[in-house]
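*Asks:*
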Amino acid sequence: MTRPRFDIPTLLGTRLGQLLTGIVSVGVGIAIWELLSRRTNPVFLPSPWLTLMSVGELWQDGILWQSVAASSARILTGWSLGVVIGIPLGILMGHFKLVRHLLDPYIEFFRFIPPIAFVTLAVIWLGPGEASKVALILYTTIFIVMLNVIAGVLSVSELRLRAAASLGAGRLSSLLTVVVPSTVPYMVTGSRIAMGNSFLTIVSAEIVAAQQGLGSLIWTSRNYGRTEWVFVGIIILGALGFLFDRIVRLVARRLLRRYGVAV
Amino acid sequence: MSGAARDQPPASGAPGAEIRLDRVAVELGGHTVVADIDLVIASGELVCLLGPSGCGKSTLLNVIAGFLPVSAGSARVGGRPVHGPGLDRGVVFQSAEALFPWLTARQNVEYGPRRRGIPAAARTAAATRFLNMVGLRHVVDRFPDALSGGMRQRVQIARVLVNQPPVVLMDEPFGALDAQTRAVMQAELVRIWQATRPTILFITHDIAEAILLADRIVTMTAGPDARLKTIAPVELPRPRDLLDPAAVALYRRLRDDIGAEVTKTLRAQGLESEAGP
Numbered sequence: 001m002t003r004p005r006f007d008i009p010t011l012l013g014t015r016l017g018q019l020l021t022g023i024v025s026v027g028v029g030i031a032i033w034e035l036l037s038r039r040t041n042p043v044f045l046p047s048p049w050l051t052l053m054s055v056g057e058l059w060q061d062g063i064l065w066q067s068v069a070a071s072s073a074r075i076l077t078g079w080s081l082g083v084v085i086g087i088p089l090g091i092l093m094g095h096f097k098l099v100r101h102l103l104d105p106y107i108e109f110f111r112f113i114p115p116i117a118f119v120t121l122a123v124i125w126l127g128p129g130e131a132s133k134v135a136l137i138l139y140t141t142i143f144i145v146m147l148n149v150i151a152g153v154l155s156v157s158e159l160r161l162r163a164a165a166s167l168g169a170g171r172l173s174s175l176l177t178v179v180v181p182s183t184v185p186y187m188v189t190g191s192r193i194a195m196g197n198s199f200l201t202i203v204s205a206e207i208v209a210a211q212q213g214l215g216s217l218i219w220t221s222r223n224y225g226r227t228e229w230v231f232v233g234i235i236i237l238g239a240l241g242f243l244f245d246r247i248v249r250l251v252a253r254r255l256l257r258r259y260g261v262a263v
Numbered sequence: 001m002s003g004a005a006r007d008q009p010p011a012s013g014a015p016g017a018e019i020r021l022d023r024v025a026v027e028l029g030g031h032t033v034v035a036d037i038d039l040v041i042a043s044g045e046l047v048c049l050l051g052p053s054g055c056g057k058s059t060l061l062n063v064i065a066g067f068l069p070v071s072a073g074s075a076r077v078g079g080r081p082v083h084g085p086g087l088d089r090g091v092v093f094q095s096a097e098a099l100f101p102w103l104t105a106r107q108n109v110e111y112g113p114r115r116r117g118i119p120a121a122a123r124t125a126a127a128t129r130f131l132n133m134v135g136l137r138h139v140v141d142r143f144p145d146a147l148s149g150g151m152r153q154r155v156q157i158a159r160v161l162v163n164q165p166p167v168v169l170m171d172e173p174f175g176a177l178d179a180q181t182r183a184v185m186q187a188e189l190v191r192i193w194q195a196t197r198p199t200i201l202f203i204t205h206d207i208a209e210a211i212l213l214a215d216r217i218v219t220m221t222a223g224p225d226a227r228l229k230t231i232a233p234v235e236l237p238r239p240r241d242l243l244d245p246a247a248v249a250l251y252r253r254l255r256d257d258i259g260a261e262v263t264k265t266l267r268a269q270g271l272e273s274e275a276g277p
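Residue numbers (this note's numbering), protein chains in the order written: chain E, 1 to 263; chain S, 1 to 277.
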């Protein structure tokens, strides 16, 4: 009766168990990849080993680091600007009906237009340099953050607003001391989703108009017939996205736990 | 009955303020929730508004708090008409959701003083004093989610009392607490009220709670279109004993009173057979 049990709930009940399960899953995935690659040629499907060798090759060239740095800088700049501008706009739109109704037509229009549709315009207006890429990331981020923050403001507890009002808070004071803190979890959610979408945008933007960056690496590999470089670009993108999301979650959990952020 | 309420002489020299409802009616979404409410609560008095849920008790409290406008009549506190919420009327809500979860117990209590621009040292001292008064000296730096249900309601009470409001409005503040905690809180409320003497309007559906606390108990008819029904002075010495024959008699009377209203509501909803004994 008391012998240790090795069933699935027990395994997934510990952090180590969860980690091991994840590692096994990745291992199986790589094994399948390896088996598939043996049945075909490296231009069609490069093997895991060849891909790993290419990581080393691109790293030594400096191309890998350059690409990661270029893409990361664009994402972080555009995303940070989008978050910093989107949060106050979202708060104002959520809190002031007039602002909401003034800006609503634009939000409802542009939210359906994917950033990639603006790549050409961005290059025409802002040039082929960094500004166009940063602007596209900003565009991606700002709507997602605003929509989430507006939803957050609209769901602020009426009870807390009443409590604040009867404790002497005026309209501005309620906004700053109740609405803003209550909305923090929505800010974090919006920022995380926007970070994911920024990765979608950056690849599109760099494929169309960039000399450097992971999107550019993926695209130019085609010219050399180096499918394994495409794989390197894709894998690094995934890893970078995972890393950035982890950092956002960690920072949010550490600094914003009091505001009900549970990520 | 409402005439009797008007005759209640105001207590003199108390720090509380008089609450005066004059022919108050409230309509919400085209329905009359309460109508024709005449009620005077004297300065420093503790009145319990008793009745089943849905009878409009909270609506009246919300009117006095300034959360809801009247559709007819007038609501006055300390002689001044009520226009919106204010620091002169503290509100203790049933749900601890009303606390700010991102602030510690002390910061929650300091919220009001801070809005009034009281310097940091003075407001911390005031918050500490009132947290001591409600018995929370040892947990002042905890956040609400690390406090028990009873402690959270104590924080709410301290957060209101620190502003020394002449009127305290309590909307079933102990409704979500277990029976033992509730008994302790009731005794403490009476102690604090006797020490500070604000005017208190306390809403409850618990007859025993009303008898333990109130100077007077007011019941309402079943809503919609609810009115005041009974205004019963509780002339029992404090601390009160619910098994005192006078308390038992009052309990029976209020129970029958409220029971009749509940039956009426259920009959209106076509559920009479389920309401039968």
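Built from N, CA and C at the ideal position, the CB exists for glycine as well. Because the structure is a prediction, the values reported are computed rather than measured.
Using only CA atoms, which one of TYR111/S, VAL134/S and GLY135/S lies nearest to THR124/S?
*Replies:* Residue TYR111/S is the option with its Cα nearest to THR124/S.
*Asks:* Going by other Cβ atoms of all chains shown within 10 Å of its Cβ, with 16 needed for buried, is SER53/S buried or exposed?
*Replies:* The residue is exposed, with fewer than 16 neighbouring Cβ atoms inside 10 Å.
*Asks:* For the beta strand (DSSP E) that contains GLY90/S, what are its first and last residues?
*Replies:* Its beta strand (DSSP E) spans residues 89 to 92.
*Asks:* Compare the Cα-Cα distances from ASP141/S to each of TRP102/S, ALA35/S, VAL160/S and ALA121/S and report the closest residue.
*Replies:* Minimum Cα distance to ASP141/S is reached at TRP102/S.
*Asks:* In whole angstroms, give me the CA-to-CA distance for THR51/E and SER71/E.
*Replies:* Each residue's Cα considered, the two are about 20 Å apart.
*Asks:* According to DSSP, what are the bridge partners of GLU27/S?
*Replies:* According to DSSP, GLU27/S bridges with THR32/S.
*Asks:* Taking Cβ-Cβ distances shorter than 9 Å, what residues in chain E pair up with GLU235/S?
*Replies:* Ordered by position in chain E, no residue passes the 9 Å Cβ test against GLU235/S, which lies about 32 Å from the chain.
*Asks:* Taking the alpha carbon of ALA210/S as the point to measure from, which residue in ALA195/S, ARG114/S, PRO245/S and GLU172/S has its own alpha carbon closest?
*Replies:* Of the listed residues, the one whose Cα sits closest to ALA210/S is GLU172/S.
*Asks:* Report the rounded CA-to-CA distance for VAL33/S versus SER71/S, giving the unit in angstroms.
*Replies:* Those two C-alpha atoms are separated by around 10 Å.
*Asks:* Tell me, please, whether the region 231 to 240 of chain E touches the region 198 to 217 of chain E by the rule of three or more beta-carbon pairs shorter than 8 Å.
*Replies:* Output reads yes: the region 198 to 217 of chain E touches the region 231 to 240 of chain E.
*Asks:* Excluding the five sequence neighbours on either side, which residues of its own chain have a C-beta within less than 7 Å of the C-beta of ASP7/S, listed in chain order?
*Replies:* Any reading at ASP7/S is ruled out, since the residue's pLDDT is 36, under 50, leaving its predicted position unreliable.
*Asks:* Please report whether the beta-carbon of ARG162/E lies at a distance below 7 Å from any beta-carbon of chain S.
*Replies:* Yes, ARG162/E lies at the interface with chain S (some Cβ there is under 7 Å from its Cβ).
*Asks:* Going straight from the alpha carbon of TYR139/E to that of ILE202/E, what length do you get?
*Replies:* Near 11 Å, if we compare the C-alpha coordinates of ILE202/E and TYR139/E.
*Asks:* Quick check on the DSSP output: the beta strand (DSSP E) that includes LEU46/S runs from which residue to which?
*Replies:* Residues 46 to 50.
*Asks:* Helix, strand or coil: which one does DSSP assign to THR215/S?
*Replies:* According to the sequence provided, residue 215/S is Asp. The question's Thr does not apply to it. Residue state, collapsed to three classes: coil.
*Asks:* Around the Cβ of ARG160/E, are there at least 16 other Cβ atoms within 10 angstroms (buried) or fewer (exposed)?
*Replies:* Buried, because 16 or more other Cβ atoms sit within 10 Å of the Cβ of ARG160/E.
*Asks:* By the criterion of Cβ-Cβ separation under 8 Å, what are the contact partners of SER95/S in chain E?
*Replies:* Under the 8 Å cutoff, chain E gives LEU159.
*Asks:* If we cut at 7 Å on Cβ distances, does PRO173/S have a partner in chain E?
*Replies:* No, no contact with chain E.
*Asks:* Just curious, the beta strand (DSSP E) that VAL230/S is in, first and last residue?
*Replies:* The sequence shown places Thr at residue 230/S, not Val. Start and end: 228 to 233.
*Asks:* I believe PRO166/S touches ALA42/S by the beta-carbon criterion, under 8 Å. Please report the beta-carbon distance rounded to the nearest angstrom.
*Replies:* No, PRO166/S and ALA42/S are not in contact; Cβ-Cβ is about 12 Å, not under 8 Å.
*Asks:* Report the three-state DSSP secondary structure of VAL156/E (helix, strand or coil).
*Replies:* In this structure, VAL156/E counts as coil in the three-state DSSP scheme.
*Asks:* Which residue or residues does DSSP assign as beta-bridge partners of LEU21/S?
*Replies:* BP columns for LEU21/S point to LEU39/S and ALA75/S.
*Asks:* Is there a Cβ of chain S sitting closer than 7 Å to that of ARG258/E, yes or no?
*Replies:* Yes, contact with chain S.
*Asks:* Give the residues of chain E in contact with TYR111/S, contact being defined as C-beta atoms less than 9 Å apart.
*Replies:* The answer, in chain order, is ALA163, ALA164, LEU167, GLY168, ALA169 and THR177.
*Asks:* What separation, rounded to the nearest whole angstrom, lies between the Cα atoms of PRO9/S and VAL179/E?
*Replies:* Because PRO9/S sits at a pLDDT of 38, beneath the cut-off of 50, its placement in the model cannot be relied upon, and the following sentence gives the value as read from the coordinates. Straight-line Cα distance between these residues: approximately 43 Å.
*Asks:* Contact criterion: CB-CB distance below 7 Å. Does PHE67/S meet it with respect to chain E?
*Replies:* Yes, PHE67/S lies at the interface with chain E (some Cβ there is under 7 Å from its Cβ).
*Asks:* Quick one: residues in its chain with C-beta nearer than 7 Å to the C-beta of LEU256/E, no 5 flanking neighbours on either side, listed in chain order?
*Replies:* Excluding sequence neighbours, LEU256/E sits near VAL184 and VAL188.
*Asks:* Skipping 5 residues on each side, what residues in its chain have a beta carbon closer than 7 Å to that of MET151/S?
*Replies:* Once the five neighbours on either side are set aside, the close Cβ partners of MET151/S are LEU136 and VAL139.
*Asks:* Give the list of continuous alpha helix (DSSP H) stretches no shorter than 4 residues that lie fully inside the region 178 to 258 of chain E.
*Replies:* As far as the region 178 to 258 of chain E is concerned, its whole alpha helix (DSSP H) runs of at least 4 residues are 180 to 208, 214 to 224 and 227 to 256.
*Asks:* Counting contacts by CB-CB distance shorter than 7 Å, is PRO181/E in contact with chain S?
*Replies:* Yes, contact with chain S.
*Asks:* Applying a beta-carbon distance threshold of less than 8 Å, which residues of chain E neighbour PRO85/S?
*Replies:* What PRO85/S touches in chain E: ARG162, ALA165 and SER166.
*Asks:* Roughly how many angstroms separate the alpha carbons of ALA214/S and LEU49/S, rounded to a whole number?
*Replies:* Each residue's Cα considered, the two are about 9 Å apart.
*Asks:* Taking the beta carbon of PRO245/S as the centre, do at least 16 other beta carbons fall within 10 Å, making it buried, or is it exposed?
*Replies:* It is exposed - the Cβ of PRO245/S has fewer than 16 other Cβ atoms within 10 Å.
*Asks:* Tell me, which residues are paired with VAL167/S by DSSP?
*Replies:* DSSP, once it has assigned bridges, lists ARG89/S and THR199/S as partnering VAL167/S.
*Asks:* I'd like to know whether the C-beta of VAL91/S is nearer than 7 Å to at least one C-beta of chain E.
*Replies:* So yes, VAL91/S belongs to the interface.
*Asks:* What whole-angstrom Cβ distance do GLY196/E and GLY241/E have, given they're in contact under 8 Å?
*Replies:* Yes, they are in contact, since the Cβ atoms of GLY196/E and GLY241/E sit about 7 Å apart, within 8 Å.
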